[in-house]
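Heads up: the structure comes next, in structure tokens.
Number of protein chains: 2
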Amino acid sequence: MKKILIKDIANSLNLSKTSVSLVLNKRGDENKISKQTQKKILDYAKKHNYVPNSLARGLSRGKSETIGLIIPDISDDHYAKIAGHIEKKANDYGYVVLYASSNKDPKNESKLIQSMINRQVDGLILASTQQNLEDIKLLKKKKVPFVLIDRIYPKIKTNYVLVDNFRGVQKAADHLLNLNRRKIGFVTLKPGLDAMRQRLLGYKEALKKFKINSNNSLIKELSNVNYEHEIKESLEDLVRFPNSVDAIIFSTHYLTSLGLRELRRLNVKVPHEVAIVSFDELGAFDLVDPPITSIKQPGADIGDFSVDILMDEIKGNEGGLDKARMLEAFLIVRKSCGAL
Amino acid sequence: MKKILIKDIANSLNLSKTSVSLVLNKRGDENKISKQTQKKILDYAKKHNYVPNSLARGLSRGKSETIGLIIPDISDDHYAKIAGHIEKKANDYGYVVLYASSNKDPKNESKLIQSMINRQVDGLILASTQQNLEDIKLLKKKKVPFVLIDRIYPKIKTNYVLVDNFRGVQKAADHLLNLNRRKIGFVTLKPGLDAMRQRLLGYKEALKKFKINSNNSLIKELSNVNYEHEIKESLEDLVRFPNSVDAIIFSTHYLTSLGLRELRRLNVKVPHEVAIVSFDELGAFDLVDPPITSIKQPGADIGDFSVDILMDEIKGNEGGLDKARMLEAFLIVRKSCGAL
DNA sequence: TATTTATACTAAATCGGTTTAGTTTAAATT
DNA sequence: AATTTAAACTAAACCGATTTAGTATAAATA
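In order, the protein sequences belong to chains A and B.
If you're matching positions, the first sequence starts at 145 in my numbering and goes up one per residue.
If you're matching positions, the second sequence starts at 145 in my numbering and goes up one per residue.
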């Protein structure tokens, strides 16, 4: 019942470690190990349930069949979904996922990247804080295969899979505008993240195309640490005279949840008085009162493509896949804008 | 910029690998390495940003400062939350988490356990399929530290952190009974899982205490693979004559979501005609129409306690913590039972 | 028959650490 | 002066694989 090693197999069969290792790695034929010997080894290994020690293998091969996944927070719905897809896809390739949450702390993220590399991960998928330019540059320099998801560094060329935040919010705004909402509030986070910046720009662009001047008092940029409190005041301000919005776009799902609670407290009728669109979904948004019109990010695609690209990188296929993908987010129309 | 090794430090300072290794592991004093030498080593290491190769260290130490987490599905809200807490807590102990989803497949789970062990994880946290008794026994025999969460093997003694499913559902049923609901349907999954069995028993016990005979046609046990379809028929059957339930308990959050959609389709008024309690929460259940009364599992405690216990095991503290904890789930009253 | 070539292996180095069992030098003790 | 002891190190084995550079034997060729 104890763990069996290559050495044990070799000794038991009066063979060398080399032969055993070669055969177990399916390199018996090319190394002219006789069929009989191969069979003996394979049988013995199977019978005694041999499984290689991944650390030893990783150490000597310099790789580990493991990819690292660093995300802001695994308990965030959005990232949990993506992580699920990444894991499934990675497994298909025979890879295991080592994951970690940065908790949105760049220092933390930096440490995690180091730690992953020391664990010889063969590649990284990274939803970065976007405040670790140096680390990213280092990854490039060291030629560590990696793919950024969700958040990129616009200043340098990297592999990435990204959702078109700009167009996404535009779709949200267009939807509202087409339903004749004209005073559209935008509730978002301070743009430490490029994604947030893009979403804000998308909002402004949509208004512009409708020849509406964007009004800064309708734009609420909340602090990343204190948004739970700030959102209350912001919503009151949006809803009350003189702003008196007739619609609000929330730039991410947790702001939507918080915002909805607040709107209830303020007794604002959705969609009657204020229409709502959420950028990004939460599982039960179709069950909410009213069901929330949202811009849904293609989580499965983000996961799948990022792994595909990473594997391509790892295998060194230079000419293969596109190494950068911009995906469309799509509008899911529900009742929160009064369209149904 | 290339990776620096212990050997490099040793060579540069004209010292042996041994000394360098000892000092870097804070074992310089006990090994009588002079203060000066220690300082030299430490300074050099810091300056050149030395970080040990975790694989090599793991291989030679036989451990890895990594714990394995195997759950049914990381994209499930419940497990994502738990995983988040486990990760945070493990980090506090200086550990990294290697995680994997079994996708509810016992074979898969079995493979993952093997794979984790080969990666020299120092311990495992496992939300098992409950169909791998042999693997669990093996873990015990090999003295691999592990903790079961959420799902246990009643036949053998293990460390575990568990929610009291029996009492949890009882609370749900009691709540309904106290609101004078008497025909309470129970929608659950076929009891491959002990948790499901306990929940069913809790339901029956609650009825019994109210001297209500439990009626099998009010109990819908759906198949694990096909519940999405089966739930439609089940709900129709519950709602229609002769069953005509006035309340339904869903034994897990995704059944609740599906069920609510179905009830809408059937135009059933909640809570007017049928009251609802969900075992287990989903993020937006407070925003749903009507807000869903639920039994909430203490995700943070599950995560924290399981890591505490595991660390205790890993460190070999026999007499330390309780190695088994049964946690209370608590009722969150919202409007779906008409109580508010 | 001597030489080449294939076949079927193996010894030993290597990956980057940790650890055991010393060794060398100087100071302290008898 | 001879012996112990302590201080400050180090050589080499080890963890469990992979991999390079062979070797021994038999068969084929010249």
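Cβ atoms here follow ideal geometry from the backbone N, Cα and C, with glycine treated the same way.
Within the same chain, Cβ atoms closer than 6 Å to the Cβ of residue 239 of chain A are found at 209 and 211, the five residues on either side in sequence being excluded.
If you check the CB distance, residue 366 of chain B and residue 274 of chain B do not come in under 9 Å.
For residue 304 of chain A, there is no enclosing alpha helix (DSSP H); the enclosing beta strand (DSSP E) has its first and last residue at 304 to 307.
Residue contact with chain A for residue 469 of chain B: absent (no Cβ-Cβ distance below 9 Å to any residue of chain A). Following the DSSP letters along the chain, one finds residue 326 of chain A in no beta strand (DSSP E), marked with neither H nor E. Around the beta-carbon of residue 293 of chain B, 16 or more other beta-carbon atoms lie within 10 Å, marking it buried. The beta-bridge partner set that DSSP reports for residue 241 of chain B consists of B:211. Taking the Cα of residue 241 of chain B as reference, the smallest distance to any Cα among B:250, B:265, B:253 and B:249 is reached at B:265. Residues of chain A whose Cβ lies closer than 8 Å to the Cβ of residue 429 of chain B are, in chain order, 428. Along the region 213 to 233 of chain B, the positions whose C-beta sits under 7 Å from a C-beta of chain A are 217, 218, 219, 221, 224, 225, 227, 228 and 231, read in chain order. In this chain, the alpha helix (DSSP H) harbouring residue 350 of chain B covers 338 to 353. In the three-state reduction of the DSSP assignment, residue 331 of chain B falls in the strand class. Unbroken alpha helix (DSSP H) runs of no fewer than 4 residues, entirely contained in the region 410 to 483 of chain A, are found at 443 to 458, following chain order. Per DSSP, the unbroken beta strand (DSSP E) holding residue 392 of chain A starts and ends at 391 to 394. Assignment of beta-bridge partners to residue 290 of chain B by DSSP yields B:268.
Neighbourhood of residue 202 of chain B in chain A, by CB distance below 7 Å: 199, in chain order.
Taking 9 Å as the CB threshold, residue 237 of chain A stays off the interface with chain B. Under the DSSP assignment, residue 157 of chain B falls in the alpha helix (DSSP H) whose first and last residues are 150 to 157. Residue 429 of chain B is classed as buried because its beta carbon has at least 16 other beta carbons within 10 Å across all chains shown. With at least 16 other beta carbons inside 10 angstroms of its own, residue 216 of chain B counts as buried. Note that the C-beta distance between residue 272 of chain B and residue 243 of chain B is not below 9 Å. At least 9 Å separates the CB of residue 478 of chain B from every CB of chain A. In this structure, DSSP gives residue 364 of chain A an extended state, which the three-state scheme calls strand. Annotated three-state conformation of residue 278 of chain A is helix, per DSSP. For residue 369 of chain A, the three-state secondary structure derived from DSSP is coil. Put simply, of B:395, B:245, B:378 and B:191 the residue whose alpha carbon is nearest the alpha carbon of residue 410 of chain B is B:378. Judged by DSSP secondary structure, residue 198 of chain A falls within the alpha helix (DSSP H) whose first and last residues are 198 to 205.
Among the CB atoms of chain B, none fall inside 9 Å of the CB of residue 378 of chain A. The continuous alpha helix (DSSP H) containing residue 222 of chain B extends over residues 221 to 236.
At least 9 Å separates the CB of residue 302 of chain B from every CB of chain A. Not a single C-beta of chain B is nearer than 9 Å to the C-beta of residue 314 of chain A. For the pair residue 350 of chain B and residue 391 of chain B, the CB atoms are not nearer than the 9 Å cut-off. Within the region 423 to 453 of chain A, the residues whose Cβ lies closer than 8 Å to some Cβ of chain B are 426, 427, 428, 429, 430, 431, 432, 433 and 434, listed in chain order.
Using beta-carbon distances, residue 258 of chain A counts as an interface residue toward chain B, with a partner under 9 Å.
Interface criterion met: the Cβ of residue 241 of chain A is under 9 Å from a Cβ in chain B.
Taking 9 Å as the cut-off, the Cβ atoms of residue 330 of chain A and residue 395 of chain A count as close.
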